[in-house]
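Residue numbers (my numbering): 101 to 332.
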């Protein structure tokens, strides 16, 4: 059980960042469109550079806000543990599995980039933050839906359903991070999931740049995929 703690940190971090800051990632672009801020920015910088900078800034902001929440909690725990009679945690006794920790970090980074790119792309494609909100629930369902099958990740990790959730890129983050913490990922699943996630993340980021390029200045209607790929 203790071996789950360190790899499981990436699962908790992914859950918190997406749950608390996912909507901010989605609406940041639409709000800039509604305020016409994006129009001025795109006159001085390329769309690709802007969207990469936006994604990096969102990631940094999310991490900073997470640190602001976690650090005071840790200070409070270690500073007032004895007064509040809280159970002690011996961090030096935690087993360290470098492979699972590195895999957890890789799955976390790929998953976070994938869904950040997806949310920014949706925000660029729709004209208002209100319309963007309708897509947020769908994205959240894809991400967190697998949690309803969490018991299967323990009792039947080799079942076809669990393997599908693990390999399908838009449902993979939670299964991958959880099963990595549990230590029941098979070698071929690890290799194939990394390839699929990497390719999907690259495709989504490329599409996000294209949508951002043509959709950021559309204020009155949603762009269709046909329009996005037809434009040069």
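All C-beta atoms in this analysis are idealised placements derived from N, C-alpha and C, irrespective of residue type, glycine included.
CB of residue i within 8 Å of CB of residue j, strictly
| i | j | result |
| --- | --- | --- |
| residue 221 | residue 160 | no |
| residue 282 | residue 253 | yes |
| residue 269 | residue 246 | no |
| residue 233 | residue 280 | no |
| residue 217 | residue 301 | yes |
| residue 207 | residue 273 | yes |
| residue 157 | residue 297 | no |
Own chain, CB closer than 7 Å to residue i, minus 5 neighbours either side, in chain order
| i | result |
| --- | --- |
| residue 242 | 270, 271 |
Residue i versus residue j: straight-line alpha-carbon distance, rounded
| i | j | result |
| --- | --- | --- |
| residue 118 | residue 180 | 30 Å |
| residue 266 | residue 278 | 10 Å |
| residue 130 | residue 305 | 18 Å |
| residue 223 | residue 240 | 15 Å |
| residue 172 | residue 111 | 21 Å |
| residue 107 | residue 143 | 44 Å |
| residue 178 | residue 200 | 27 Å |
| residue 288 | residue 264 | 13 Å |
| residue 236 | residue 137 | 23 Å |
| residue 251 | residue 262 | 10 Å |
Unbroken alpha helix (DSSP H) run spanning residue i, endpoints
| i | result |
| --- | --- |
| residue 259 | That residue, residue 259, is in no alpha helix (DSSP H); it is neither H nor E in DSSP. |
| residue 272 | Element bounds for residue 272: n/a, residue is neither H nor E. |
| residue 231 | 229 to 244 |
| residue 199 | 198 to 225 |
| residue 249 | First-last for residue 249: undefined, no H or E at that position. |
Cβ-heavy atom distance, residue i to the ligand NAD, below 7 Å
| i | result |
| --- | --- |
| residue 207 | Among the ligands in the structure shown, none appear at all, so the ligand NAD cannot be discussed. |
Sequence-distant residues of its chain with Cβ nearer than 8 Å to residue i (five each side left out)
| i | result |
| --- | --- |
| residue 147 | 309, 312, 313, 316 |
| residue 127 | 223, 229, 232, 233 |
Other residues of its chain near residue i: CB distance less than 6 Å, five sequence neighbours each side excluded
| i | result |
| --- | --- |
| residue 121 | 162 |
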